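Step one of this worksheet: look at the structure below.
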Amino acid sequence: MPWNMQDYPDSLKNFEPLLRKKTIDIANALEESGYEDDRAIPIAINEGKDWYNNASQSERDAFEKEANPQKDDDHDTSSANPDLLDNDVEVFYEDEQWKVKTVDAERASDTFDKKSDAIERAKEIAENRDAKVISYTKDGKKQD
1 MPWNMQDYPD SLKNFEPLLR KKTIDIANAL EESGYEDDRA IPIAINEGKD
51 WYNNASQSER DAFEKEANPQ KDDDHDTSSA NPDLLDNDVE VFYEDEQWKV
101 KTVDAERASD TFDKKSDAIE RAKEIAENRD AKVISYTKDG KKQD
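Each residue of the sequence shown is one higher than the last, beginning at 1 in full-length UniProt numbering.
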């Protein structure tokens, strides 16, 4: 069920308005891509908070000026892949950075300077998906 700024899940009730707007936008895009409510909402909350905490002030200002999400908005779903939803999440070292990537995804979703930060992010993603984290050493060996 799509949402807007007046009709949204109770779990977004206490969010800052800009965070709520971004989370609704993400949730609606996930739903349009085929995700069910019970999976789209926690993923959108996690991704919305991540965006809100890491966005620059200019990014926040630009998004705030965009129209509020509507229930009938069209989203570009060409890059979304629901088939990856249940896949495990890998943490590996490449190009002088620790990368977080869903197994079978085309590219990493996040990059970090410290492995501990990458592992933490991978755990957040995996928790939302009921998946596991697969970690590698700097030289590419799988860790247990």
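Built from N, CA and C at the ideal position, the CB exists for glycine as well. Predicted model, so just to flag it, every value in this text is computed and none were measured.
Pick helix, strand or coil for Thr-137, following the three-state DSSP scheme. coil
Using the Cα positions of Ala-29 and Asp-139, report the straight-line distance between them to the nearest angstrom. 37 Å
Kindly indicate which three-state DSSP category Gln-70 falls into: helix, strand or coil? coil
Please return the same chain residues whose Cβ sits closer than 7 Å to the Cβ of Thr-23, not counting the five positions on each side in sequence. Same-chain partners within the cutoff: Leu-12, Phe-15, Ala-44, Ile-45 and Gly-48.
Report the rounded CA-to-CA distance for Ser-33 versus Pro-42, giving the unit in angstroms. 15 Å
Over what stretch of residues does the beta strand (DSSP E) that includes Asp-110 continue unbroken? 110-112
Would the beta-carbon of Ile-134 fall within 8 Å of that of Asp-88? yes
Would you tell me roughly how many angstroms separate the C-alpha atoms of Asp-72 and Lys-21, rounded to the nearest one? 15 Å
With distances taken between CB atoms, is the gap from Trp-98 to Lys-114 smaller than 8 Å? The answer is yes: Cβ separation under 8 Å.
Are the beta-carbon atoms of Pro-69 and Asn-4 separated by less than 8 Å? yes
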